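To start, the structure itself, in structure tokens.
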Amino acid sequence: MEENIILIKKWAKSAGKIDIPLYHSADYKLGSGKNPTLIIGGVHGDEPEGIWLVEALLEKFEDLAQNNEHFKRPWILIPCLNPDGYTSRNRTNSKGVDLNRNFPTPDWTPTAKAERYNPGPQPNSEPETQALTKLIETEKPRLIVHCHSWKPGIIYTGSEALSHATFLSKSSGYPLQDDIGYPTPGSLGQFGWLVHKIPVICIEEREGATKEETWERFQKGFFKLFEIRP
Ligand SMILES: [Zn+2]
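Here the working numbering is used: the first residue of the sequence shown is 21, the next is one more, and so on.
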């Protein structure tokens, strides 16, 4: 690993006991709470397009690090929060919980409108969610971006996310939305904004997009977000 990037291979463990790696820019000291940008893929294990997008960004960071470029903006990157779901091609973790309904928010509810949205037995019951909530509370990110795949869109939670979300929308051609169209109690967006006033952007990549295609679409937006020279 390039010295400008730190890899923590065993940052957390999933419910199914799979290691979850975390990367961060070396200029950022983990635990310092100095507002890095947090990028996450694979909250839903059956949405590989979001993981590819985050991996493509990591590859760009690795290129920059190899050329000894320093990062203007500190960042933390988790390519796949839900390795259980990714290895079994499921939305949920190995306990059948939708991590994006398991966050401890004021609107968390034990009832789900369908099995696939199972919020878990109680808020923050899952090891993946626990690790991420702790990370967010310690590092206090300035912005959280999580990458999914479904119907193309850029969904933002919190007015402070609007300018970044607008740029990501314009540069990708994907529609800007302040709502996914249905309630998402216990979601990461609700946790970031309602609990901690941290703006959150959810990128919904087109289902079936290739890694090359997704990077092509979002690189301009990401370059601006991290102040990277293309
Ligand atoms: Zn998703």
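Glycine included, C-beta positions come from ideal geometry on N, C-alpha and C.
In this text, all values refer to a predicted model and were calculated from it rather than measured experimentally.
Cβ atoms of PRO161 and ILE218: under 8 Å apart, would you say? In the sequence shown, residue 218 corresponds to position 198, counting from 1. In the sequence shown, residue 161 corresponds to position 141, counting from 1. If you check the CB distance, ILE218 and PRO161 come in under 8 Å.
Closest by C-alpha distance to GLU67, when choosing among PRO94, ILE223, GLN210, LYS49: Numbered from 1 along the sequence shown, position 47 holds the residue referred to as residue 67. The shortest C-alpha separation from GLU67 is found at ILE223.
Taking all protein chains shown into account, do 16 or more other C-beta atoms lie within 10 angstroms of the C-beta of ASP118, making it buried, or fewer, making it exposed? Position 98 of the sequence shown, counting from 1, holds the residue named residue 118. Buried is the call here.
Look up HIS44 in the DSSP assignment and say whether it is helix, strand or coil. Here residue 44 refers to the residue found at position 24 of the sequence shown. In this structure, HIS44 counts as strand in the three-state DSSP scheme.
Straight-line Cα distance separating HIS64 from ARG109: The residue you call residue 109 lines up with position 89 of the sequence shown. The residue you call residue 64 lines up with position 44 of the sequence shown. Each residue's Cα considered, the two are about 9 Å apart.
Reference LYS171; option with closest CA among GLU79, THR149, GLU227: To locate residue 171, count along the sequence shown from 1; it is residue 151. Taking only the C-alpha atoms, the option nearest LYS171 is GLU227.
SER108 by DSSP, collapsed to three states: which one? Locating residue 108 in the sequence shown gives position 88, where the first residue counts as 1. Three-state result, SER108: helix.
Identity of the residue in PRO203, TYR48, SER191 nearest LEU245 by Cα: Looking up residue 245 in the sequence shown gives position 225. A check of alpha carbon separations from LEU245 across PRO203, TYR48, SER191 identifies SER191 as the nearest.
Can you find at least 3 beta carbon pairs, one from the stretch 174-188 and one from the stretch 99-114, that sit closer than 8 Å? With a cut-off of 8 Å, the stretch 99-114 and the stretch 174-188 do not count as touching, because too few Cβ pairs lie within range.
Quick check: the Cα distance between GLY212 and GLN86, rounded to an integer number of angstroms? The sequence position of residue 212 within the sequence shown is 192, counting from 1. The sequence position of residue 86 within the sequence shown is 66, counting from 1. Using only the alpha carbons, I get a separation of about 33 Å.
Say the cut is 7 Å; is the CB of TRP170 nearer than that to a heavy atom of ligand 1? Position 150 of the sequence shown, counted from the start, is the residue given in the question as residue 170. Distances between the C-beta of TRP170 and the heavy atoms of ligand 1 include at least one below 7 Å.
Quick check on TYR202: buried or exposed, where buried means 16 or more other Cβ atoms within 10 Å of its Cβ? Taking the first residue of the sequence shown as 1, we reach residue 202 at position 182. With fewer than 16 other Cβ atoms within 10 Å, it is exposed.
Taking all protein chains shown into account, decide if ALA35 is buried (16 or more other Cβ within 10 angstroms of its Cβ) or exposed. Against the sequence shown, residue 35 aligns to sequence position 15. Around the beta carbon of ALA35, a 10 Å sphere encloses 16 or more other beta carbons of the protein chains shown; the residue is thus reported as buried.
GLN142, buried or exposed, once every other Cβ within 10 Å from all chains shown has been counted against 16: For the purposes of this step, residue 142 is taken as residue 122 along the sequence shown, with counting starting at 1. Exposed is the label assigned to GLN142, since fewer than 16 other Cβ atoms lie within 10 Å of its Cβ.
Can you say whether GLU148 is buried or exposed, counting buried as having 16 or more other CB atoms within 10 angstroms of its CB? Position 128 of the sequence shown holds residue 148. Around the CB of GLU148, 16 or more other CB atoms lie within 10 Å, so the residue is classed as buried.
Exposure of MET21, with buried meaning 16 or more beta-carbon neighbours within 10 Å: Here residue 21 refers to the residue found at position 1 of the sequence shown. Bear in mind that the predicted position of MET21 carries a pLDDT of just 49, short of 50, making it unreliable; the figure below should be weighed with that in mind. Residue burial annotation: MET21 is exposed, with fewer than 16 other C-beta atoms found within 10 angstroms of its C-beta.
Stretch-stretch touch, CB-based, cutoff 8 Å, three pairs: the stretch 69-88 with the stretch 129-136: Short answer: they don't touch.
Which residues does DSSP pair with ILE28 in a beta bridge? Position 8 of the sequence shown, counted from the first residue, corresponds to residue 28. Residue pairing from DSSP places ILE28 in a beta bridge opposite LEU42.
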